[in-house]
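Sequence order for the protein chains is A and B. Sequential numbering from 0 applies to the first sequence in numbering that gives the first Met the number 0. Sequential numbering from 0 applies to the second sequence in numbering that gives the first Met the number 0. Idealized CB from N, CA, C, for every residue including glycine. Computed from a prediction, not measured in an experiment: that's the story for all the values here. Down below is the structure, laid out as structure tokens.
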Amino acid sequence: MEHESRLERWLRGIALALVVTFFMFPIVWIVLMSFQTNETILRMPPSLLFTPTLSNYEALITGRLVSNAGVLEIEFMSNLMNSAILSVGSVTIALLLGVPAAYAFARHQFRGSEDIAFTLLSFRFAPPLLVLLPLTLYFQELGLADTYVGLIWVYQLICLPLILWIVRGYFEDISPDVEYAYRISGHSWWATFRDIALPLARPGIAAAGLLAFIFAWNNFIFALVLASADKQPVTVGALAFVTASGIQYGQIAAAIVLSIAPTLALALYAQRYLVEGLSLGAVKG
Amino acid sequence: MTDGRPQPALTLDRVNKIYRPKGKPPVRAVVELSLAMNRGEIVALLGSSGCGKTSTLRMIAGFEPVTAGSIRLAGRDIHQLPPARRHVAMAFEGYSLYPPLTVRDNIAFALKAKRLARDEVARRVQEVAHLLDIEDVLERYPSSISGGQQQRASLGRALIREADLHLLDEPMGQLEPQLRALLRGRIKHFIKERGLTVILVTHDQTEANALADRIAVMENGVLQQFAEPASLRQRPANLFTGTFIGEPPMNVLEADVAVTERELRFHLADGVTLGYPHTAFEQAACAALLRRGRVVLGIRPHAVRLAPTGAPARVEVNQWLGDQSHVAATFAGSMLVTVEHRRVPMAPGDVIGVAFAPEDLHVFDIDSGAAIVHGRRAA
């Protein structure tokens with residue numbers, strides 16, 4: 000690496016620029032759109048020059064969209080709130096259940112342990128629709144349809160396997176002798192889990208939690224089918240901008256910017272954990 | 000409760016460990032192991048890898064459940080207690096230090112629970128750090144020190160504790176030979192000074208001989224012999240211990256026993272015969288030999304004598320190791336190794352004469368491997 004020529008540096012720079020442009024362009028475009036009115040967005044040919052406006056954000060935050068066709072009520076802020084409730088709730092529960100389970104799977108070989116762990120992972124293989132149809136019927140019977148509890152429960156299909164498998168790898172990386180040494184000096188297995196295993200696996204737990212949060216936040220199909228308007232997260236709520244009188248591109252763009260902002264901020268903040276957590280066994284303390 | 004005799008510190012009574020891996024036949028790691036050791040004694044569990052010594056240690060520590068049998072420590076049945084309540088300290092072979100703490104804190108950790116004064120903790124840490132030659136890394140973190148230093152820190156963390164029993168699992172496996180030799184002496188002194196009761200697991204005979212009061216030799220999960228180091232060497236209970244203890248290993252030759260008017264004879268392969276006067280062996284030994292008919296002779300390389308009048312052997316290899324010669328020769332259809340503490344002028348192909356004094360002979364049963372005769376006496 001030290002002996003790379005100027006040409007190699009240039010080529011590398013160009014390649015990086017291309018990749019970054021390819022991935023960042025849609026996001027940049029959306030951000031630009033969110034500061035424009037529908038008229039400037041739709042003009043042909045499109046232009047990067049426009050007078051920025053905050054009207055899209057204003058409409059979203061106040062919940063009132065005034066257009067030629069009249070006044071449209073927007074539920075966006077409550078959608079955002081729902082997203083937060085659902086994601087935080089699901090990740091919290093998935094961490095509470097998944098981290099101890101991951102520890103058990105990592106440390107104890109019990110009858111059927113691999114089978115159970117694999118079954119949990121297999122939830123991620125099935126197309127969500129497969130689960131949704133029967134689930135809808137059951138949920139209606141049980142009164143869980145259109146409740147936060149019901150949705151958070153279903154979101155465990157997304158969060159739990161992710162947390163279980165990432166955190167398990169982390170626990171497996173901790174030398175069992177570190178824990179044995181602690182136990183034999185007079186501590187219970189619970190104290191060992193709390194004082195030794197949990198702190199050592201913290202980067203993994205953080206990464207898994209973050210990923211689970213992002214997946215939960217981005218989920219569309221579960222909430223679309225199982226929740227009515229007042230429980231819907233932003234992913235579903237954004238559909239409201241497709242109205243009879245046209246598609247409100249400006250507001251959609253602003254809604255997208257607002258809804259990816261929290262996950263983006265979290266991901267940037269915890270970038271180091273994410274990289275460490277996702278490379279599993281490759282990184283050791 | 001006591002009948003006047005000292006109570007053994009640790010008693011293993013018919014302890015078994017059977018692993019049942021999924022989809023594979025069960026593995027009997029430890030079989031009917033019974034063993035009692037005294038307070039203040041150092042016992043080495045010696046054996047090759049997979050012999051059951053580490054499983055035994057882990058059962059005593061409480062990391063593995065006992066399949067059958069019982070373990071008593073200091074008058075308490077401990078085999079069902081969690082590790083925390085067994086009052087046992089342990090030094091680990093591998094990486095067992097807590098990464099976020101410095102070496103000093105790792106060692107002091109075991110004392111923190113006891114609420115000792117800060118000065119006292121510091122003094123004791125200093126003491127074991129000095130003992131183990133790790134004073135210079137006390138403030139470093141485990142990830143920044145060598146494997147050998149980590150191992151010594153783990154050993155220090157165990158030795159600093161007060162416990163009914165100290166378990167040392169290959170405590171010096173990663174150290175340089177010179178350092179190992181130095182530390183063996185220091186550690187033994189430290190242990191004896193404090194009267195600690197210690198079980199040492201090792202595959203290194205030198206370490207076992209140097210540190211232990213008694214050695215338990217294990218193979219395939221079975222205790223082969225439990226005796227003092229000298230007695231293991233002089234009176235091995237069976238062929239396994241005989242060939243396992245000692246370096247280079249004991250030479251082994253199959254023989255038919257026969258008796259004539261003048262001699263007791265061992266007929267080896269290739270028509271080689273070793274003859275000894277009847278008086279060479281005690282009467283009981285003679286009788287035991289004749290009862291068997293066919294036996295295995297064992298002779299240690301150091302005990303093979305080079306004698307021009309001896310039975311002929313053809314030299315294959317002659318290695319000068321700087322302070323001793325190892326000569327390997329074909330003798331009676333087998334390879335015979337001899338050690339001479341001088342440089343011997345022999346080349347491959349030379350024919351030499353070898354002789355075995357009766358006091359150096361070990362004789363084993365050909366089927367069971369049990370010792371029949373050591374030297375001139377019946378085993």
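Beta bridge pairing from DSSP links B:E339 with B:S324. For B:D168, no alpha helix (DSSP H) segment is defined; the enclosing uninterrupted segment is the beta strand (DSSP E) at L164 to D168. For B:M89, the residues of chain A that pass the 8 Å Cβ criterion are Y179, A180 and I183, in the order they occur in the chain. Counting only Cβ-Cβ distances below 8 Å, B:P82 has contacts in chain A at Y179, R182 and I183, in chain order. The C-beta of A:D229 comes no closer than 8 Å to any C-beta of chain B.
Cα atoms of A:T262 and A:S86: separation of roughly 11 Å, rounded to the nearest angstrom.
If you look at B:N105, you'll find it in the alpha helix (DSSP H) that goes V102 to K111. Counting other Cβ atoms within 10 Å of its Cβ, A:Y268 stays below 16 and is therefore classed as exposed.
Chain order gives the chain A residues near B:G93 as S174 and D176, where near means a beta carbon separation below 7 Å. A residue is called buried once 16 or more other Cβ atoms fall within 10 Å of its Cβ, and B:K16 is buried on that count. The residues A93, L96, G97 and L119, in chain order, have a CB closer than 7 Å to that of A:L159 in the same chain once the five nearest residues on each side in sequence are set aside.
Residues of chain A with a Cβ closer than 8 Å to the Cβ of B:R160 are, in chain order, S184.
Chain B places no beta carbon closer than 8 Å to that of A:I60, leaving this residue out of the contacts.
As the crow flies, the alpha-carbon of A:R123 is around 7 Å from that of A:L156. Excluding sequence positions up to five before and after A:E178, its CB lies within less than 6 Å of the CB of T191 and I195, all in the same chain and listed in chain order.
Nearest to B:L80 by C-alpha distance, out of A:A205, A:W164 and A:I183, is A:I183. Contact annotation: A:I40 and A:A58 have beta-carbon atoms that are not nearer than 8 Å. Annotation: B:R213 to B:E227 spans about 4 Å, alpha carbon to alpha carbon.
Between B:L32 and B:L199, the C-beta spacing is not below 8 Å. It is roughly 59 Å from the alpha-carbon of B:P7 to the alpha-carbon of A:Y154.
Note on A:Y248: 16 or more other CB atoms within 10 angstroms of its CB, so buried under the neighbour-count rule.
Going by beta carbons, B:L137 and B:R84 fall outside the 8 Å limit. Within chain A, no residue has its CB atom less than 7 Å from the CB of B:A28, the nearest being about 15 Å off. Proximity of chain B to A:I195 at the Cβ level (cut-off 9 Å) is accounted for by Y97, in chain order. In the displayed model, A:T118 falls within a helix according to three-state DSSP. Neighbours of B:A109 across chain A, judged by C-beta separation under 7 Å: S184. Look at A:S121: its C-beta is not under 8 Å from any C-beta on chain B. Under the three-state reduction of DSSP output, A:L94 falls in the helix class. Counting along the chain, the unbroken beta strand (DSSP E) around B:L296 starts and ends at R293 to I298.
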